[in-house]
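So the sequence shown is numbered by this note's numbering: it starts at 5 and just counts up by one. Even for Gly, the Cβ is constructed at its ideal location relative to N, Cα and C. In this text the structure is predicted, and so the values were computed from the model without any measurement.
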Amino acid sequence: MSEKTSKLKNRIKFRTPSTKSLLYIFLFFLVCSAISVALFKISEKNPHVVEEYYNSIVFKAITLPSKMFVSIFPFSVSEIALVTVILFVITYFIRTVVLTVKRMRKKQGKIYIPAVRYILSIGILITGIITMFVVNGGLNYNGITFADRSGLVLTETSTEELEELCMFLGEEAAKARKNLPENDKGVISPDVSVFELAKKAKDGYKAIEDTYPYLKGFYPKAKPAIFSHFMCYTEITGIYPYIIPEPNINYKTPIMSLPSTINHEMAHQRGISREDEANFIAYLASINNPDPLFQYSGYYLALNYSLNALSKHNGDASRRVYEALDKGILRDMQAAREFWKQFETPKNIVATVSENVNNKYLETVNVEDGVHSYGRMVDLLIAYKRAEKEAN
């Protein structure tokens, strides 16, 4: 090997940070994560401050560069990042074990150094994730509710009013469904890709931006998840990883739910963190979209939530609604049930674990169920219907 080649190799040789450097980096991120957690706790008691300063200004500004970056790629950047992190953790662990064994065999001093370096690296990773989660949108969980933002009044309601809402949603869903093609089983089967749906989804948000101006801004399109098949076993239809502001969609989700799922994850992207409120925004963005598939998906989403609530409180009323529903909607509901059934594991353990993890996450970020009769999503639907009646 020539001297020139040797020098070049030395120049491009990757140099790992020293243990002392790793310690300083870890301490830096530890302080950042501690400050982030403290801000999160303080923000719990200051929702109006979160809304006025963070959600309206800081959140949109600080996430803009990463939103612009991920918009360059047609694939899910966050999934690639997740796989990279997992591989890093595994390979670095194996390397740590190998180096420790070598030191033991050679009877070198400080055999704990590789393990210390590994622990510091994992610590940097964890504290970095905590910091990025809080900064990139986590604080929005402690902002004012959508009801407060929009002026909707959530009050106790009767099962009669809920039944009336279900009837209305069923009728509107049937109207939108008439414009959609069916397959030989009588289930809707429009010829449209998830990429086309992600592009069309923005039209629904444009239609409601004047009414809800805080939904405006630059946002990359939702992207189909590479691991959609696995997500089916967990019954997850979409994910919005706050660390990377990019909606990921399970593109295998039944077509009647896919457009509203896209809109749900896009609501998170726009600073609507609470799950039920994101569902309600998805409903509004869907029914105001000029595409009939989106309209149907929005009414279908709201109908399912409302019917589930009605079934728990008044079985007779829910039966009346089911009897009045368009037969095509019932076929779509049955097709969706059959789709998810094929991914059930023994005792449905995967979906159950996934649900428990998600519930624990929501508890951690202070998301509670609706404080009124039927859960926040249905409460918002009823309040919105009331407001429409009063306006007319």
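With DSSP as the reference, label residue i as helix, strand or coil.
| i | result |
| --- | --- |
| G242 | strand |
| I98 | helix |
| E176 | helix |
| E167 | helix |
| K24 | helix |
| N312 | helix |
| P78 | coil |
| Y304 | helix |
| P181 | Here the sequence assigns Arg to residue 181, which means Pro is not the residue at that position. If DSSP states are grouped into helix, strand and coil, R181 belongs with the helices. |
| D330 | coil |
| I259 | coil |
| G374 | Because G374 carries a pLDDT of 38, less than 50, the predicted location of this residue cannot be relied on, and the following value inherits that uncertainty. Reduced to three states, the DSSP call for G374 is coil. |
| Y145 | helix |
| P294 | coil |
| N283 | helix |
| V139 | helix |
Using the C-alpha atoms, what's the distance from residue j back to residue i?
| i | j | result |
| --- | --- | --- |
| Y246 | V325 | 38 Å |
| V81 | I90 | 14 Å |
| I16 | R274 | In this prediction, I16 scores a pLDDT of 49, lower than 50, which makes its location untrustworthy; the coordinate-derived value is nonetheless stated afterwards. I16 and R274: Cα-Cα distance of roughly 42 Å. |
| S22 | T95 | 19 Å |
| E186 | M260 | 12 Å |
| V382 | A321 | 16 Å |
| Y287 | N312 | 16 Å |
| I240 | K110 | 50 Å |
| I276 | A211 | 17 Å |
| D207 | Y309 | 24 Å |
| I66 | V54 | 14 Å |
| L103 | S125 | 16 Å |
| E342 | S193 | 15 Å |
Taking the alpha-carbon of residue i as reference, which of the options has the nearest alpha-carbon?
| i | options | result |
| --- | --- | --- |
| E281 | Y145, M72, I133 | Y145 |
| I39 | K106, T131, A306 | T131 |
| V196 | A387, V54, L262, R153 | L262 |
| H268 | I243, P258, P249 | I243 |
| I230 | R380, K389, V87 | V87 |
| D188 | L173, A42, G332 | G332 |
| V157 | A387, A395, I29 | A387 |
| S232 | V198, T163, K203 | V198 |
| E392 | L219, A202, L307, G155 | G155 |
| A328 | N50, A85, L173 | L173 |
| A42 | F73, Q346, G142 | G142 |
| Y216 | S60, E394, T20 | S60 |
Any idea which residues DSSP pairs residue i with across the strands?
| i | result |
| --- | --- |
| I253 | P228, G242 |
| E392 | Looking at the DSSP assignment, E392 forms no beta bridge with any residue, so it has no partner. |
| I403 | Lying before the first or after the last residue shown, residue 403 is absent from the chain, which here runs from 5 to 396. |
Buried or exposed: residue i, going by 16 or more other Cβ atoms within 10 Å of its Cβ?
| i | result |
| --- | --- |
| N293 | buried |
| H3 | Outside the displayed span of the chain (5 to 396) sits residue 3, for which this structure offers no information. |
| Q299 | buried |
| D214 | exposed |
| K182 | exposed |
| L334 | exposed |
| Y57 | exposed |
| T265 | buried |
| E48 | exposed |
| K220 | exposed |
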